[in-house]
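Contents: one structure, followed by commentary.
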Amino acid sequence: MENLLHMMELVGLTYIQITQIKQKQQKISGYAYLIPQCLTLFIPSILGVPLCIEEYSPEYDFVFYDIKGNIIANYTFASSIKFNFGIYVNGNKRRVSVLKDVMDQLRFSLIRDAHIINSKLENAINSATEFE
0 MENLLHMMEL VGLTYIQITQ IKQKQQKISG YAYLIPQCLT LFIPSILGVP
50 LCIEEYSPEY DFVFYDIKGN IIANYTFASS IKFNFGIYVN GNKRRVSVLK
100 DVMDQLRFSL IRDAHIINSK LENAINSATE FE
């Protein structure tokens, strides 16, 4: 479990914690391509034949807290992508597309649950200001 962002303050009203809770083992297959390419000095790879096929599938946990540290919302999202890996392919761009997919899932969930989250934040603010 890797904590990516620990308790970032958002506008003084809430905190968010983002954690990568699980990353499935990256499956790398297609080693049958590698032997002929080694024998031909990687000329097929230069011409566009992939070296192997990689699958990347992380899972992220988003936890939102109110001022008092109570959990307002908790979301878990996963995404995966399978891509050919070769000399001509940059795998980092593919991994970024997985993170964009996860952030889109979070955005849609926050839009769907906005009224619930807002009411919980208002209740936390009202209860915090009653004692002052």
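Just so we're aligned, residue 0 is where the sequence shown starts under my numbering, counting upward by one. All C-beta atoms in this analysis are idealised placements derived from N, C-alpha and C, irrespective of residue type, glycine included.
Exercise. With DSSP run on the structure shown, which of helix, strand or coil describes D60?
Worked result: strand
Exercise. Can you name, in chain order, every residue of its own chain whose Cβ lies under 7 Å from the Cβ of Y32, other than the five neighbours on each side?
Worked result: V48, P49, L50, C51
Exercise. What is the DSSP secondary structure of H114, reduced to helix, strand or coil?
Worked result: helix
Exercise. What runs of the beta strand (DSSP E), each 3 residues or longer, lie entirely inside the segment 69 to 102?
Worked result: 70 to 77, 80 to 84
Exercise. Under 7 Å, do V101 and Y59 count as touching if we go by C-beta distance?
Worked result: yes
Exercise. According to DSSP, which residues form a beta bridge with S28?
Worked result: I52
Exercise. Terminal residues of the continuous alpha helix (DSSP H) containing L46?
Worked result: Where L46 is concerned, there is no enclosing alpha helix (DSSP H), given that its DSSP letter is neither H nor E.
For this session: Express the C-alpha separation of N91 and S118 in angstroms, rounding to a whole number.
Result: 39 Å
For this session: Report the residue from T75, G85, K81 whose alpha carbon sits nearest the alpha carbon of R94.
Result: K81
Exercise. Are Y74 and Y14 touching if we call contact CB-CB under 7 Å?
Worked result: no
For this session: Assign S126 to one of two classes, buried (16 or more other C-beta atoms within 10 Å of its C-beta) or exposed (fewer than that).
Result: exposed
Exercise. Relative to the alpha-carbon of K21, which residue among I115, I110, P57, I45 has its alpha-carbon at the smallest distance?
Worked result: P57
Exercise. Is E53 buried or exposed, if buried means 16 or more other CB atoms sit within 10 Å of its CB?
Worked result: buried
Problem set entry | CA nearest to the CA of A72, picked from C37, L120, I124 | L120
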